Structures are given as C-alpha cells and as structure tokens.
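Residue numbers (the numbering used here), protein chains in the order written: chain A, -19 to 361; chain B, -19 to 361.
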C-alpha cells in the first residue's frame, strides 16, 4: 500500500489534478498496489506500533475512526485520548481515490479489535454500495457518523477539500437513519458517543436524576436534559424524606429532582444520596454536574469540596447498580483548569463517562438508548 | 432597601414559607421600605463601589444584568469580565417578593449608564405588565433574555428554586418575540450577546467570509455558519486570483470562501488577505477561527504562528472598514490554555469580539443583525 500525504489532486478542482489522480489509480491497479489518499494524514494503529504522530497515545482500545479530513482525524484521536477514548485503528482517507470509506467500513465491521466505529465523511462516490455496507456494519456494531458539508456552502467547501460531491442534508439524514447509523453534528458529539459506548453501562431507560451545584444551573440543566429527550421524574415523598434526613440544613437546596446540591449542607456522604437514588425504581441513571467558578470560596477550598464529591461519585460508580455520569464544564479561566484535567483522568481511569456540557451529555445518553432500543426492536421484529 | 440573602421563603413550597414572605412584604410596605429577595445574591454596581464579591471586576461598563438566580448572576458577571464584558449594574433578585424583574427592567431601560440589558428569568407574577415594560425597554436598547424552566420538569425546578410559575415554552416564545426581546438558550449565549453588542461594529449584512486552519474544520465551520443563518458567498475569480498571488505554495489550502489557512503558505502578511476581503463588496464580515491542537508542531512553534495571526487580526480590526471576529475554541487540554487566555485578553483590549465556538459566534451575529433589522423596520414602518 502507498500512503499519499500530498494534496494537489482532484480536490484542487483542476483538470490537471483530476487527471493526475486517475493516472495514479490506473498505475496502481496495473501493479496490484493499493493507494491511501491522496490528501490523507495516514493510519494510526497503536497495537501494531503504527502512527503518524508522536503525540498519539501508545495504548490500544476498541474504538475505530475513519475520517476524510486529516485535521479532524488528528483532533479526534488526540482529544479522544484525553477523554479516555482509546483506538483500535484510525484512518485519514482523504480524496479516497482508491481505498475509500466503504471498504474501510466493511473492514472495521469485521475487525475483532473494534467495538465502535466513528466516521467523519464529506461525500461518497458510490452511494448505493455505501448504504448497503453501512447497514450491514450498523447491524454488527454501533457506527457513529458526522457528515461534513450538509449545507450548500459547506458542500462547496467539501468539494475543495476532498473533491467529493457532498449530497443534500435531506438525502443524508434519510440515508443515515435508514441504515441504522447514529448521526451526530460536531466532533465533540462524535467523541461523546465514543466515551458513552466505551464507559457507560446501559441504563434501563431515560429516567434521569440530576444533581448539581446552583439553583439556576439546576433549572437550566433540567431544560437541557428534557429538551434532549431524557425524562426528569419527580421523586416520591418517601424518597425525598429519606434524602432529607441526610441534610444538615434545609434552606438553599432544592430537594427533589433536579436536586440542587449545596455541598456544605450534607452531613452524611453524598454517596448515600446516590445510593438511595440507585435503589429507587423511578430513576434509571444519575447525572452529576459541577458548574465551575460559582462557589463563594477560594479555589483551594472549593477544590477540596469537589475532590470529596468526585470520590463519592467514583465510589457510587463502583458499588451501585445504576449508571452515574459526570458533567465537568470547561472553564474559560485558569484557576479550575488543572482540577478539571485531573478529575477527567480520575474518572476515565475509574470508567466513568465525563462530558463537557449538560446538553451534550443528555444527547449522548439519548442516542445511546435509541441505538439499543432499535437493536432490541430488530431482534424482536 | 433591605437585601435578603437568606432562602427558606416561598421557594420552599411550604405554607409557612409563603406566609413569612407575605408578612415581610406587608411589614415593608407599612414602613415604606423596599425588599430585594429573599433568596437574592445581591447587587453589583462597580461605579458606586458596590459589590457582593471581592472577585468581581472594579471596572464599570455599559451592560446591565438582572438574574433570578444568584449562581447565574455570579457566573455571568465573572465569566463576562473574562470575556471583556463590563457591567453598569447587576442584580440578583431571587424570589422577587417586592422588587421584581419588571421594575428592574423599567429602571434599567431609563438608566443612562446601561446600553444593553441581559436577563435570566424563571417566571413573572404579572405577565401583562411585564410584557408592556419589556416592549418599551426593547424599543430603547437591546434586551437579551434567557428563560429558565421552559420544559415541564424545568418549570418544576424553577418553582422549587424561586417559587415562580414558569409558564410554557410556547407562551414565552411568543411573548419574547412580540416584545422585541432577543432570546438566547444558555448562559454562554447570553454572554455572547453582551460581547457582540459591546464590541462588534454593525456589519452591512450576513455575508461572511470564513478563514481558519484545517480543511475538515473549515467544512464544519461553513455548515455551522450557514445553519445559524449567515451567508457564506463564493469569491469572484478576480478576488481568488488576488489572494492567490499572496500564497507561497498552493496545495493543501482551500482558496475560496471558506478559506483553509495554512499559516506557512503565506508569503505576505495574513493582514493583506483580510484587506482584500474588506474591499470586496460581496463580503460583509470576516470570521477567523483557530481550531487548537491540530498543527503538527510543538506548542511553542505553533503559538508563535498564532501570535502572528493574532497581530494581523488586531491590525485588520484597527485599520479595515469591515468587522473581523475571532473564534478561539476552549481546549480540553493544558498546553494551549494560557495562550488562549492571553489571546482573549489581547482581543478584548483591542475591541475584537471573541467567541468559543463557531456555532455560537454565528448565532450571535445572526441575532445582532436581526435586532438591527427589526429596529430599522420599526423606524421605516
């Protein structure tokens, strides 16, 4: 196989570029040689010790990525690693002059090292075959697709980028839905799905209890979760009473679902609240969110409270039967930054799914559940 | 005026809480005393040296904030300052037992120190009067509203938080639109609008040229801008040629709109590209985006390239007739973090609007233009 990093072929939009690419392909066909690219940033396969960048993780995992863009390939592998997503294989396939998304998809569907496939696609040349292969792949393992170039101007950009015909939003939306792929709309959402499939135990349903710091943040968190398709059920009087008994002081907290945590208000460990919720039938999973930069403390004091919260979340994840996920907002200021990076690492080492916004967390859980519901419907049907 | 920080009144949902709040109000009325709160985090007025937190900025500005949530008030003031938004007044009004959102809005509409009003509202008691006052305020200056509790569960949370009846999504959507308010859906978008009104010169229209690093990032940026209501026009052959002449090497860049910058590819300054675009009739504004963690360099080398880019953007903002805005993604890893913080400060000191995602930047520009179009229609009509 020859890997062509260089650009200046069909994506340049010139006759010369197209002709060069065609010549390249026919030369390769004659000699039985395969071509990756041109305009490709290469292959990453940590198990085989193969990488295009020294800063990619050496650790192997079970997530595969195919990306038509080299930049998005690099970003997803690096950013994924920081969020605990480890890769089996990742391929930047560029102009797809010879090896293309369809062939790669077919290969990864059968690859025993790959449990989840992520794809960033700008366009395909043989739509019918692509749909067939995608449908088969999606039957075997989750395939998460980010389609670039869904607007007219975006499609024009895609044509200049990788020389493809991008197709319309409506066509792609139908195509991906019918093939059973999971559609996302940003690189962050693509990585969110990898985090979810890598770490999240399957909840029994959408009924979510929300626990966080700050009354207004709690109200907005509830809107975001409900808006993304989760259910935020009321807690029964009995459960509210049981939790209430753990409180040192009652005012300034919202005791219910959502719950506004005032960390100082808890006499007993926060773990106990999570364990009461885990026993409770009307709750399928718990989302804990920490909005940063809010508490009226010096960072060091605040960070100690959060350290405690984090320990309790890790304990709950290890010992309780229901999923707990964590939302850590990325702060736009320095004081909480190191804490966040460290907390994120602690979480993925403990196997807890971490997201950077409540909306993104809720959408990921919703897509995760929808995927499993479809699978179940397929088995039953 | 008495400011009541304490909670445990109507928001507690108990008869006792409601009664206490009523007693408080009638006592106040008898003595001619006004009450802010209860459940309020206070007032911030840097001009008068009045603050509830030592970490709020001492500098005055022209943005006012009313927030029903103390946490959201604190977050918006602190985060706003980091993004260059300085406040005339900010008020956390809590349960609004006496002083309420309507009265505050009326006051701020007439306040000569306030040019823009931001509002986080969970619910109002006298809807009719509120709409009247909001409509009058919105005629005088931009009023940006984030409504918390728009879903059924969110409304339940709002009732526990500040004791309000939150009202339905449909009612609020109509109400805000008809009153001429600018509606946003997150605290980040609320601050984005303050940044936009504080810094952005009014573009002549929606025609945006997009310049950034990375082909895939460029494709997604175009989808995000078009999806948010901006127009990404083609560049004429003449303009493409003029810009092309500034290029050292041609391949690996997308020369058009969107444009994929490869910083090493430019022989002349990046400023010259921006100045060609500023002269060009078919472009109303330029968005420059830097997706972090992409370039195949050590951070220090990468940061020098970005420093250069930043200098050129600052120069373009100072010298050219059309708006330039900048998108700096918040990285989820440390190496680029200090650079971002510093770049953000340089930008707001130079008066350049900075956003943290392309979607958010595009939505802010779209809302900014829609606001001015409505004003113009109002004057004409």
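No residue lacks a Cβ here, since even glycine has one placed at the ideal position from N, Cα and C.
Keep in mind it's a predicted model, so treat the numbers as computed, not measured.
Item	Value
Whether residue 118 of chain A touches residue 147 of chain A by CB criterion (7 Å)	no
Simplified DSSP state of residue 163 of chain A, which is helix, strand or coil	strand
Per DSSP, cross-strand counterpart(s) of residue 189 of chain A	A/266
Cβ-based burial, residue 322 of chain B [other Cβ within 10 Å; buried from 16]	exposed
Unbroken alpha helix (DSSP H) run spanning residue 40 of chain A, endpoints	No alpha helix (DSSP H) contains residue 40 of chain A, which is instead part of the beta strand (DSSP E) from 40 to 47.
Beta-carbon proximity check, residue 133 of chain B vs residue 94 of chain B, cutoff 7 Å	no
Residue-chain proximity (residue 199 of chain A, chain B), Cβ-Cβ < 7 Å	yes
Closest Cα partner of residue 74 of chain B within the set B/-8, B/206, B/182 and B/194	B/-8
Contact with chain A by residue 260 of chain B, beta-carbon distance below 7 Å	no
Own chain residues within Cβ distance below 7 Å of residue 138 of chain B, not counting five before or after	102, 103, 128, 129, 144 and 146
Residue 280 of chain B CB to nearest heavy atom of the ligand GDP below 6 Å	The ligand GDP is absent from the structure shown, which contains no ligand whatsoever.
Neighbour-count burial assignment, residue 205 of chain A, 16 or more Cβ in a 10 Å radius	buried
Residue 194 of chain B in three-state terms, based on DSSP	coil
Short CB-CB distance (under 7 Å) between residue 203 of chain A and chain B	yes
Interface partners of residue 212 of chain A on chain B, CB under 7 Å	133
C-beta contact flag for residue 82 of chain A and residue 109 of chain A at 7 Å	yes
Proximity winner among A/18, A/80, A/187 and A/174, relative to residue 264 of chain A (alpha-carbon distances)	A/187
DSSP three-state assignment for residue -15 of chain B, whether helix, strand or coil	coil
Spatial distance of residue 19 of chain B from residue 250 of chain B (CA atoms)	52 Å
Own chain residues within Cβ distance below 7 Å of residue 184 of chain B, not counting five before or after	264
Bridge partners - residue 99 of chain A, DSSP secondary structure assignment	A/46 and A/125
Burial state of residue -1 of chain B (16 or more Cβ within 10 Å)	exposed
Opposing strand residues paired with residue 211 of chain A [DSSP bridges]	A/187
Where the beta strand (DSSP E) containing residue 69 of chain B begins and where it ends	67 to 72
Chain A contact for residue 52 of chain B (CB, 7 Å cutoff)	yes
Proximal residues, the segment 38 to 66 of chain B versus chain A, C-beta separation under 9 Å	47, 48, 49, 50, 51, 52, 53, 54, 55, 58, 59, 62 and 63
Outcome for residue 283 of chain A when other beta-carbon atoms lying within 10 angstroms are tallied against a minimum of 16	buried
Whole-angstrom distance between residue 266 of chain B and residue 342 of chain B, CA atom to CA atom	11 Å
Beta-carbon spacing of residue 202 of chain B, residue 212 of chain B below 7 Å	yes
Residues of its chain near residue 107 of chain A, where Cβ-Cβ distance is below 8 Å and the 5 sequence neighbours each way are ignored	147 and 155
Pair within 7 Å by beta-carbon distance, residue 63 of chain A and residue 175 of chain A	yes
Top-ranked residue by Cα proximity to residue 84 of chain B, from B/30, B/65 and B/114	B/114
Own chain residues within Cβ distance below 7 Å of residue 11 of chain B, not counting five before or after	none
Buried/exposed call for residue 276 of chain A, threshold 16 Cβ in 10 Å	Note that residue 276 of chain A has pLDDT 47, beneath the 50 cutoff, so the model's placement of it is unreliable and no number is given.
Helix, strand or coil at residue 12 of chain B according to DSSP, with G and I counted as helix	coil
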